[in-house]
Amino acid sequence: MKPIQSKRLAELGSAIFSEMAQWKKEVQERGVDVIDLGIGSPDRPPSPKVMQVLAEAAMNPRMYGYPTSEGSHAFREAVARWYKHRFGVELDPEREIVTLMGSQDGLAHLALAVTDPGDTVLVPDPGYPIYSASLVLAGVKPYFLPLRAENDFLPKLEDIPEETARKAKFILLNYPSNPLSAVATLEFFRKLVDYARRHESLIVHDLAYSEMAFDGFRPPSILEVEGAREIAVEFHSLSKSFNMAGRRIAFMVGQQDAVRALRVLKSNIDYGVFLGVQEAGIAALEEDMSPESRPVAGLYERRRDIVIDGLKQAGWDIPKPKATMFIWAPIPKGWTARQISREILYSAGVVVIPGDAFGQEGEGYVRIALVQEEERLREAVQRIARFLQEARP
Numbered sequence: 068m069k070p071i072q073s074k075r076l077a078e079l080g081s082a083i084f085s086e087m088a089q090w091k092k093e094v095q096e097r098g099v100d101v102i103d104l105g106i107g108s109p110d111r112p113p114s115p116k117v118m119q120v121l122a123e124a125a126m127n128p129r130m131y132g133y134p135t136s137e138g139s140h141a142f143r144e145a146v147a148r149w150y151k152h153r154f155g156v157e158l159d160p161e162r163e164i165v166t167l168m169g170s171q172d173g174l175a176h177l178a179l180a181v182t183d184p185g186d187t188v189l190v191p192d193p194g195y196p197i198y199s200a201s202l203v204l205a206g207v208k209p210y211f212l213p214l215r216a217e218n219d220f221l222p223k224l225e226d227i228p229e230e231t232a233r234k235a236k237f238i239l240l241n242y243p244s245n246p247l248s249a250v251a252t253l254e255f256f257r258k259l260v261d262y263a264r265r266h267e268s269l270i271v272h273d274l275a276y277s278e279m280a281f282d283g284f285r286p287p288s289i290l291e292v293e294g295a296r297e298i299a300v301e302f303h304s305l306s307k308s309f310n311m312a313g314r315r316i317a318f319m320v321g322q323q324d325a326v327r328a329l330r331v332l333k334s335n336i337d338y339g340v341f342l343g344v345q346e347a348g349i350a351a352l353e354e355d356m357s358p359e360s361r362p363v364a365g366l367y368e369r370r371r372d373i374v375i376d377g378l379k380q381a382g383w384d385i386p387k388p389k390a391t392m393f394i395w396a397p398i399p400k401g402w403t404a405r406q407i408s409r410e411i412l413y414s415a416g417v418v419v420i421p422g423d424a425f426g427q428e429g430e431g432y433v434r435i436a437l438v439q440e441e442e443r444l445r446e447a448v449q450r451i452a453r454f455l456q457e458a459r460p
């Protein structure tokens with residue numbers, strides 16, 4: 068029989084995640100109580116109101132027809148209202164918004180919709196794995212932008228070769244960042260918009276963590292920059308900010324030609340998000356705009372402080388991030404990212420992700436996800452502290 072698996076599958080994903088899953092299985096089979104701080108999946112449910120709306124929608128027979136692939140008009144209108152409320156940005160629900168089955172859906176398909184095989188795209192390193200995987204599927208060449216601590220994990224746009232910049236179909240960035248927990252200011256976005264305009268490139272900005280910021284910081288939208296809607300699109304997700312990860316709903320907004328292209332592609336792939344989930348999404352956005360809103364940021368700020376302060380007492384000094392549900396931790400000297408991740412799991416029963424799972428620039432770091440209750444996080448810190456006292460690289 069001819070080979071069943073395509074060659075492109077070998078280029079998808081990271082072998083590190085498969086290794087981590089196997090390591091975790093081995094440790095659990097030994098009877099160890101594993102504290103998983105690996106995958107960034109929220110451990111809380113949505114609000115009672117959102118769950119109630121979803122439950123009622125599930126019992127409504129009118130919800131069970133095919134939804135439109137671009138999303139219901141009601142959901143897109145809610146997104147437009149929320150963007151106006153949160154960022155002061157006016158959006159046209161008919162031309163500048165498309166509903167998605169989670170932001171990963173849109174990120175996976177956008178390159179197929181706006182590039183051709185052989186095109187070049189600028190992507191971050193480290194970066195969320197789907198950024199590079201989407202380019203593999205589209206036959207597009209990545210040019211990796213190194214994101215380093217000495218530059219506040221922002222790309223040095225001036226270091227991109229001019230020929231590469233001219234060829235690049237789009238530049239993809241993510242602030243607040245997964246895995247880096249780095250943030251960007253509106254000043255940086257203005258520079259980015261000017262850069263992209265000079266090189267006639269689309270900007271693709273992943274803003275999934277905008278509502279998970281700390282210490283008074285409010286992450287901006289790139290669409291707040293004057294003229295950005297003509298040259299940029301932005302992804303947002305209800306998964307993290309509204310604890311709806313398993314309900315798969317998100318959206319992309321902005322530059323209308325890119326929105327139209329993604330809509331056309333998706334109309335040939337799926338029939339859209341279940342209407343009941345869209346109703347729940349509307350409820351989540353409306354609740355967030357209400358005076359009684361209770362953002363999740365405070366929860367993750369407390370968790371951040373428990374982990375950062377606790378590990379500092381154990382001798383592991385980690386910068387405090389301003390946003391996201393992750394800690395990007397520089398590892399102690401003498402270890403590789405994979406070595407220390409494996410030993411923390413086998414010795415302490417705590418899962419963290421080695422930084423090189425997100426690109427070669429991630430070596431020297433681990434990502435810690437704040438996805439356990441405070442008591443479990445304190446236990447994880449105690450276990451890691453004992454490991455640090457006893458272990459030698």
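Numbering of the sequence shown is given in the working numbering, commencing with residue 68 and proceeding in unit increments. Here a beta-carbon is modelled for each residue, glycine too, at the ideal position from N, C-alpha and C. Note that the coordinates shown come from a computational prediction; the quantities given were computed from them, not determined experimentally.
**Study point:** Counterpart residues of aspartate 273 in DSSP-defined beta bridges
**Key:** Taking the sequence shown and counting its residues from 1, the one referred to as residue 273 is at position 206. DSSP, once it has assigned bridges, lists Asn241, Phe302 as partnering aspartate 273.
Review point. Closest by CA to glycine 339, which one among Pro115, Gly169, Lys74, Pro358?
Key: For the purposes of this step, residue 339 is taken as the residue at position 272 of the sequence shown. The candidate whose alpha carbon is nearest that of glycine 339 is Gly169.
Check your understanding: Hey, quick one: how far does the alpha helix (DSSP H) through tryptophan 90 stretch, first residue to last?
Key -> Within the sequence shown, residue 90 is the residue found at index 23, counting from 1. 82–96 is the extent of the alpha helix (DSSP H) around tryptophan 90.
Check your understanding: Any idea if lysine 69 is buried or exposed, counting beta-carbon neighbours within 10 angstroms, 16 or more meaning buried?
Key -> The sequence position of residue 69 within the sequence shown is 2, counting from 1. Exposed, because fewer than 16 other Cβ atoms sit within 10 Å of the Cβ of lysine 69.
Check your understanding: If you drop the 5 nearest sequence neighbours on each side, which residues of the same chain put their C-beta closer than 7 Å to that of arginine 443?
Key -> On the sequence shown, position 376 is the one that residue 443 refers to. The answer, listed in chain order, is Ile102.
Exercise for review: Look up methionine 118 in the DSSP assignment and say whether it is helix, strand or coil.
Suggested key: Position 51 of the sequence shown holds residue 118. DSSP places methionine 118 in helix when its eight states are reduced to three.
**Study point:** Rounded straight-line distance, which links the Cα of valine 271 to that of glutamate 354
**Key:** Position 287 of the sequence shown, counted from the start, is the residue given in the question as residue 354. Position 204 of the sequence shown, counted from the start, is the residue given in the question as residue 271. Distance between the alpha carbons of glutamate 354 and valine 271 is about 27 Å.
Check your understanding: What three-state label does DSSP hand glycine 321 in the structure shown?
Key -> Indexing the sequence shown from 1 puts residue 321 at position 254. Residue state, collapsed to three classes: strand.
Practice item. With a 10 Å radius around its C-beta and 16 neighbouring C-beta atoms as the bar for buried, classify phenylalanine 284 as buried or exposed. Key: Within the sequence shown, residue 284 is the residue found at index 217, counting from 1. Around the beta carbon of phenylalanine 284, a 10 Å sphere encloses fewer than 16 other beta carbons of the protein chains shown; the residue is thus reported as exposed.
Practice item. Go ahead and pull the three-state DSSP assignment for leucine 444. Key: Against the sequence shown, residue 444 aligns to sequence position 377. Residue state, collapsed to three classes: helix.
Check your understanding: Should serine 114 go down as buried or exposed, given a rule of 16 or more other Cβ atoms within 10 Å for buried?
Key -> Along the sequence shown, one-based indexing puts residue 114 at 47. It counts as buried.
Review point. What does a CB cutoff of less than 6 Å around tyrosine 150 pick up in its chain, not counting 5 residues either side in sequence?
Key: Walking along the sequence shown from the start, residue 150 turns up at place 83. Within the same chain, tyrosine 150 has close Cβ partners Val156, Leu158.
Check your understanding: The alpha helix (DSSP H) with glycine 219 in it runs from where to where?
Key -> What you label residue 219 is simply residue 152 of the sequence shown in a count that begins at 1. Checking the displayed sequence, the identity of residue 219 turns out to be aspartate instead of glycine. For aspartate 219, there is no enclosing alpha helix (DSSP H), as DSSP gives it neither H nor E.
Exercise for review: Would you give the residue range spanned by the alpha helix (DSSP H) that tryptophan 383 belongs to?
Suggested key: Start at 1 with the first residue of the sequence shown, and residue 383 comes out as number 316. Element bounds for tryptophan 383: n/a, residue is neither H nor E.
Point to revise | Chain-order list of residues whose beta-carbon lies under 8 Å from that of phenylalanine 154 (same chain, five-residue window excluded) | key: Taking the sequence shown and counting its residues from 1, one reaches residue 154 at position 87. Cβ neighbours of phenylalanine 154 within its own chain (closer than 8 Å, five residues either side excluded): Pro287, Ser288, Leu290, Glu291.
**Study point:** Where the beta strand (DSSP E) containing aspartate 208 begins and where it ends
**Key:** Here the question's residue 208 lines up with position 141 in the sequence shown. It should be pointed out that residue 208 corresponds to lysine in this sequence rather than to aspartate. Start and end: 208–213.
Review point. Do the segment 322–335 and the segment 113–130 make contact, defined as three or more Cβ pairs closer than 8 Å?
Key: Flag = no, the segment 322–335 and the segment 113–130 do not touch.
Practice item. Give me the Cα-Cα distance between valine 250 and proline 362, rounded to the nearest whole angstrom. Key: To locate residue 250, count along the sequence shown from 1; it is residue 183. To locate residue 362, count along the sequence shown from 1; it is residue 295. C-alpha separation (whole angstroms): 18 Å.
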